[in-house]
Structures are given as structure tokens and as C-alpha cells.
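For what it's worth, the numbering used here labels the leading residue of the sequence shown as 5, then goes sequentially. Worksheet for the structure shown next.
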Amino acid sequence: MDQITVRAAFDQVKPVMDFVNAKLAELCCSEQVRVHVNVAIDEIFGNIVQYAYDPEGGPVTVSVEVEDDPLCVVITFIDHGVPYDPLSAEFVNTLHMPAKERPIGGLGLFMVKRIMDNISYTYRDGKNILTIRKKII
5 MDQITVRAAF DQVKPVMDFV NAKLAELCCS EQVRVHVNVA IDEIFGNIVQ
55 YAYDPEGGPV TVSVEVEDDP LCVVITFIDH GVPYDPLSAE FVNTLHMPAK
105 ERPIGGLGLF MVKRIMDNIS YTYRDGKNIL TIRKKII
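This is the structure in C-alpha cells:
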């Protein structure tokens, strides 16, 4: 398992993506897998930055590992921010509404759930731990 720890700030999403993409390149992942993973990173990391910490921020550790049978990449986000289970949030379907009339927010995690093969959350030892899995095809 490889990991990177950065501060929870919007300017750190690129170093996190670069770190994960380097690992994906080693695995010869398809472009579709890379795009899906990058969308998920952007959404999850952005939510941590926006909601987990007070204005001073805090650390976020992102780890990448590979599992066999089926072959998949596993990315885990760990922060010490406010306890929050994003999987418990109720999705309000606004997709039938014109884009200009939809409230801001709420679709990002819905999209992550749809493009990842598995997503799980736990709060343990004062840490939010969110894990996503994507099969490598």
C-alpha cells in the first residue's frame, strides 16, 4: 500500500490525483477507469476540504492498493475532521428538473456511487475512513 498525506485544501487535489494516477499507470488501467477514479477523487477530496475541518483545515491521507480476484484498485481517504457518513445522506432526485432549477449540491456523491464498484465508510479512532473500489478492466 502506498499513501500520501496532504493538507485539506483545494490546491491539494492535483497532487492527490497525480499520486493516484501514477499508481494507475503502473497497472495499465484503461482511460475510462482513470477518468472514473479522478471524478471520485475530485468529489470526495473536495467534500473533505469543504466540510471536514474548520477554516484551519487538517491532514488528509490517501492510500492506494491493489486487490486481486477481481483485480481492482482500492483508494482510501482518511481525515480527522467532523464525523460524517456521506453514505447515510439521502439522495433527493432532482435529475428530472432543468439544470438551472436544481439546487446546488447533492449529485456528486450520487455520481461517485454510480461509477465506483464499491464505496464504504467507517468512523474509527477519531477518523473518517472512506474507501472506494474500482475494477481494473
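Beta carbons: idealized from backbone N, C-alpha and C, even for Gly.
(request) Using a threshold of 8 Å, state whether the C-beta atoms of residue 82 and residue 132 are closer than that. (result) Yes, the Cβ-Cβ distance between residue 82 and residue 132 is below 8 Å.
(request) Round the Cβ separation of residue 77 and residue 70 to the nearest angstrom and send it over; I've been treating them as touching at under 8 Å. (result) The Cβ separation is near 6 Å, so the contact holds.
(message) My assumption, with CB atoms under 8 Å, is that residue 136 sits in contact with residue 37. Please give the rounded CB distance.
(response) Their Cβ separation, rounded to whole angstroms, is 12 Å, which puts residue 136 and residue 37 out of contact at 8 Å.
(message) Under DSSP, the alpha helix (DSSP H) around residue 48 begins and ends at which residues?
(response) 35-51 is the span of the alpha helix (DSSP H), which, as asked, contains residue 48.
(message) Comparing C-alpha positions only, which one of 84, 72, 68 and 118 sits nearest to residue 91?
(response) For the residues 84, 72, 68 and 118, the minimum Cα distance to residue 91 belongs to 118.
(message) Less than 6 Å between C-beta atoms, sequence neighbours within five positions excluded: which residues of the same chain meet that for residue 87?
(response) Excluding five sequence positions before and after residue 87, the CB atoms of its chain that fall closer than 6 Å to its own CB belong to 127, given in chain order.
(request) Just grab the DSSP bridge partners of residue 134 for me. (result) Answer is 81 and 125.
(message) Among the candidates 6, 47, 11 and 112, whose CA atom is the shortest distance from the CA of residue 59?
(response) Per the C-alpha coordinates, the member of 6, 47, 11 and 112 positioned closest to residue 59 is 11.
(request) Taking all protein chains shown into account, decide if residue 18 is buried (16 or more other Cβ within 10 angstroms of its Cβ) or exposed. (result) Around the C-beta of residue 18, fewer than 16 other C-beta atoms lie within 10 Å, and the residue is accordingly described as exposed.
(request) Determine, using beta carbons only, whether residue 7 and residue 53 come nearer to each other than 8 Å. (result) No, the Cβ-Cβ distance between residue 7 and residue 53 is not below 8 Å.
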